[in-house]
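Note that our numbering has the sequence shown beginning at 241, numbered continuously upward.
The beta-carbon is built from N, C-alpha and C at its ideal position, and this holds for glycine as well.
Only one structure is covered here, and it is reproduced in the block below.
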Amino acid sequence: MMMTAPAPLLSSCNQAGTPASSPCIPNHGGDTDSDDDLTTRSSACPPRQRKGSLKRPLASMYDSVQPCDLEMLKVIGRGTFAQQVALAKDRLTSHVYAVKSCDKQNLVNRKQVVHTWTEKHILEKLRGHPFIVTLFSTFSTPDEVHFVLEYCPGGELFYHLHQQDRFDDASVQFYAAEVLTALQSLHVANIVYRDLKPENVLLDAGGHIRLADFGFCKDIGESDRTYSFCGSPEYLSPEMIRRRGHTVATDMWSFGCFCFELAVGHPPFQLHDDAALPALFESITAGRMYYPPQLSPTFPVTRFTATEAMDHPFFKDIVWAQVLARQLTPPFVPPSNGVECTQNFDDDFTSESPRSPTLLEMKQQHKRQQQLHHPPQHDGDDPVDVFCNF
Numbered sequence: 241m242m243m244t245a246p247a248p249l250l251s252s253c254n255q256a257g258t259p260a261s262s263p264c265i266p267n268h269g270g271d272t273d274s275d276d277d278l279t280t281r282s283s284a285c286p287p288r289q290r291k292g293s294l295k296r297p298l299a300s301m302y303d304s305v306q307p308c309d310l311e312m313l314k315v316i317g318r319g320t321f322a323q324q325v326a327l328a329k330d331r332l333t334s335h336v337y338a339v340k341s342c343d344k345q346n347l348v349n350r351k352q353v354v355h356t357w358t359e360k361h362i363l364e365k366l367r368g369h370p371f372i373v374t375l376f377s378t379f380s381t382p383d384e385v386h387f388v389l390e391y392c393p394g395g396e397l398f399y400h401l402h403q404q405d406r407f408d409d410a411s412v413q414f415y416a417a418e419v420l421t422a423l424q425s426l427h428v429a430n431i432v433y434r435d436l437k438p439e440n441v442l443l444d445a446g447g448h449i450r451l452a453d454f455g456f457c458k459d460i461g462e463s464d465r466t467y468s469f470c471g472s473p474e475y476l477s478p479e480m481i482r483r484r485g486h487t488v489a490t491d492m493w494s495f496g497c498f499c500f501e502l503a504v505g506h507p508p509f510q511l512h513d514d515a516a517l518p519a520l521f522e523s524i525t526a527g528r529m530y531y532p533p534q535l536s537p538t539f540p541v542t543r544f545t546a547t548e549a550m551d552h553p554f555f556k557d558i559v560w561a562q563v564l565a566r567q568l569t570p571p572f573v574p575p576s577n578g579v580e581c582t583q584n585f586d587d588d589f590t591s592e593s594p595r596s597p598t599l600l601e602m603k604q605q606h607k608r609q610q611q612l613h614h615p616p617q618h619d620g621d622d623p624v625d626v627f628c629n630f
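This is how it looks when you write it as C-alpha cells:
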C-alpha cells in the first residue's frame, strides 16, 4: 500500500504552511560554507543489492600519537572528502588506529575547511562517549590533513546489513537504542549531526556501535537553526530540502530512515541514479513512501525529539541506563582473527596498498607551521595556511 502520511519518525517538517510541491528552493544562506554537499553510497557495495615494550596508558594517548610512529597497514575505506581511511599501527605501542586522510586542496576547493575544523573540535569535545568514535590525534602533512581515530574492527553496520538483507526487530531495537543515545548527547550539546546512515555507524570488537564521520556536523549553539544543504540524498529531511533552515530535528528524520532501512533492507525513499534527485526530493517532501506490512505495529510514525523517542512503545523493554553503560547484549559479535583484523571491510578497499606520509613531508610541514600560529576563521586560498596547527 502507498503511504501519504509521514514515514517512521519522519513526520513532515515543523514549518506550517510550507508547500510540499517545490523541493528545490534557493539557499537563504546561514553557514559559512553552505554550498551543496551530498554524499552517496560507498562504491564498494552494489547499489541496494547491495609491540614494543614501552606502553603508554590509553588515556594519555590523546594528542600524543606521533605520525612518524604510524605504520599504515591496509586501506579500509574511502569517503566523499577522505582520500583514504587506513588501518595503522603505532610502532612504539602496537596500538591500532584508523587514520583518515583528506587532501587539503580538495577541501579548499569544495569549501570544506570550516567543516573539517568543526569535525576536529567536536570530536575532541565528545571524547569518552561510549557510542561516538574516539579521536586520538590530528596532524598535517604538506598536502593532507589526518585524523587518528579509534579503530572499529567490526566495520560498517551497512556491510553487515548488506550480508543479511535486513535485521530482525530485536536487532533493530538494539542498534536504534545505541544510536539514539548518541544523538541525544549531541542534541543536548546543541550539535546537529546531519549524516546518519548505516555506512556511518561502525561496530567495535564486541558488537556495540560507534557513530563516525562528523564532517557535516555543526554546533548550532543558541541559534537553534542552520541553513547548509548537506548529507545523503535518501536521508535528507523535508526542511533541509526546502532550504528554509533546519534544527536538530533533521537528525530525527534521518533516524527514522535509518530504523526503516535496518528493518526493511532499504531506505524509505530510494535514489536509483543522480538524474532522479528531483523526484526523490518531491517524494520526501510529500511523504510518499511504501510502508511494508511486516513492520512492527509499534514502529514509530511521528517525529519526536531524541528524548521523546526513548519513551516510545518500540523501546518499551529498553532500560536506558543499561544502554549507556553498554550492558545490552549485541545481536552478534563481528568475526575477528586479531586486533589487526580487516575481514569486516570490503575487499575492494583492503586489497589496495595504503599511502603513508613520509618523514620528510612531516618535517616540511612542521617548518611551515612554525611560521603560522592561529587556525583560520574562514576558508582561504592556501591549503597550508588554512590548516595551520591542525
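Next on the checklist: So, under 8 Å CB-CB, Phe-509 and Ser-523 are touching, yes? Tell me the CB distance rounded to an integer number of Å.
Outcome noted: Contact between Phe-509 and Ser-523 is confirmed by a C-beta separation of about 5 Å, below the 8 Å threshold.
Checklist entry - Does the beta-carbon distance from Gly-688 to Asp-435 come in below 8 Å? => result The structure shown does not extend to residue 688, since the chain is modelled only from 241 to 630, so the question has no answer here.
Checklist entry - What separation, rounded to the nearest whole angstrom, lies between the Cα atoms of Gly-317 and Val-348? => result Those two C-alpha atoms are separated by around 22 Å.
Checklist entry - In this structure, what does DSSP give as the bridge partners for Lys-351? => result The partner list for Lys-351 (beta bridge, DSSP) is empty, contrary to what the question assumes.
Checklist entry - Just how far apart, CA to CA, sit Asp-408 and Tyr-415? => result Looking at the two C-alpha atoms, the distance is approximately 11 Å.
Item to check | Per-residue DSSP class, three states only, for Ile-449 | outcome: Residue state, collapsed to three classes: strand.
Checklist entry - What's the C-alpha gap between Cys-308 and Asp-587? => result Cα to Cα, Cys-308 sits roughly 27 Å from Asp-587.
Checklist entry - What did DSSP end up calling Gly-292 once you bin it into helix, strand or coil? => result Confidence at Gly-292 is low in this model, with a pLDDT of 36, below 50, so the placement of that residue should be treated as unreliable; the coordinate-derived value is given next. Judged by DSSP in its simplified three-state form, Gly-292 adopts coil rather than helix or strand.
Checklist entry - Based on Cα-Cα distance, which residue from Val-432, Tyr-391, Leu-442 and Pro-553 lies nearest to Phe-398? => result It is Leu-442.
Item to check | Beta-carbon proximity check, Val-373 vs Glu-390, cutoff 8 Å | outcome: The criterion of a C-beta distance shorter than 8 Å is satisfied by Val-373 and Glu-390.
Next on the checklist: List, from N- to C-terminal side, the beta strand (DSSP E) runs of 3 residues or more that fit wholly inside the region 433-500.
Outcome noted: Within the region 433-500, the complete beta strand (DSSP E) runs of at least 3 residues are 441-443 and 449-451.
Next on the checklist: Helix, strand or coil for Ile-558? Go by DSSP, reduced to three states.
Outcome noted: The DSSP-derived three-state label of Ile-558 is coil.
Next on the checklist: So, for Gln-424: in the same chain, excluding its five sequence neighbours on each side, which residues have a beta-carbon less than 8 Å away from its beta-carbon?
Outcome noted: The residues are Ala-546, Thr-547 and Met-550.
Next on the checklist: Cutting at 7 Å between CB atoms, please list the residues of its own chain near Asn-346, excluding the five before and the five after it.
Outcome noted: Here Asn-346 has Phe-321 as same chain residues with Cβ atoms under 7 Å from its own Cβ, once five neighbours each way along the sequence are excluded.
Next on the checklist: Just to confirm before moving on: does the CB-CB distance between Met-312 and Ser-596 stay below 8 Å?
Outcome noted: A contact, by the Cβ cut-off of 8 Å.
Next on the checklist: If contacts are defined as beta-carbon pairs under 8 Å, then Val-315 and Pro-575 qualify, I think. What distance do you get, rounded to the angstrom?
Outcome noted: Separation of the CB atoms of Val-315 and Pro-575 is rounded to 20 Å, and the pair is thereby denied contact status at 8 Å.
Item to check | Burial state of Phe-572 (16 or more Cβ within 10 Å) | outcome: If you draw a 10 Å sphere on the C-beta of Phe-572, you find fewer than 16 other C-beta atoms in it, and that means exposed.
Checklist entry - Can you name, in chain order, every residue of its own chain whose Cβ lies under 6 Å from the Cβ of Gly-461, other than the five neighbours on each side? => result Closer than 6 Å at the Cβ level, and outside the excluded window around Gly-461, lie Asn-430.
Next on the checklist: Judging by CA-CA distance, which residue of Leu-520, Gln-583 and Val-336 is the nearest neighbour of Glu-474?
Outcome noted: Selection Leu-520, Gln-583 and Val-336 evaluated against Glu-474 yields Leu-520 as nearest (Cα-Cα).
Item to check | Arg-543, buried or exposed, once every other Cβ within 10 Å from all chains shown has been counted against 16 | outcome: Taking all protein chains shown into account, Arg-543 has 16 or more neighbouring C-beta atoms within 10 Å of its C-beta and is therefore buried.
Checklist entry - Between Thr-487 and the rest of its own chain, which residues show a CB-CB distance below 6 Å, the 5 nearest in sequence each way excluded? => result If we look at Thr-487 and ignore the five residues flanking it on each side, its Cβ neighbours are Asp-464 and Arg-465.
Checklist entry - Does the region 321-338 come close enough to the region 362-370 to have 3 or more Cβ pairs within less than 8 Å? => result Contact fails: fewer than three Cβ-Cβ distances are below 8 Å.
Next on the checklist: Per the DSSP calculation, His-400 is bridged to which residue(s)?
Outcome noted: Looking at the DSSP assignment, His-400 forms no beta bridge with any residue, so it has no partner.
Checklist entry - Are there 16 or more other CB atoms within 10 angstroms of the CB of Asp-514, so buried, or fewer, so exposed? => result So Asp-514 ends up on the exposed side.
Checklist entry - Nearest-angstrom Cα distance between His-380 and Phe-456? => result First, the amino acid is wrong: residue 380 is Ser here, not His. Cα-Cα distance, rounded: 20 Å.
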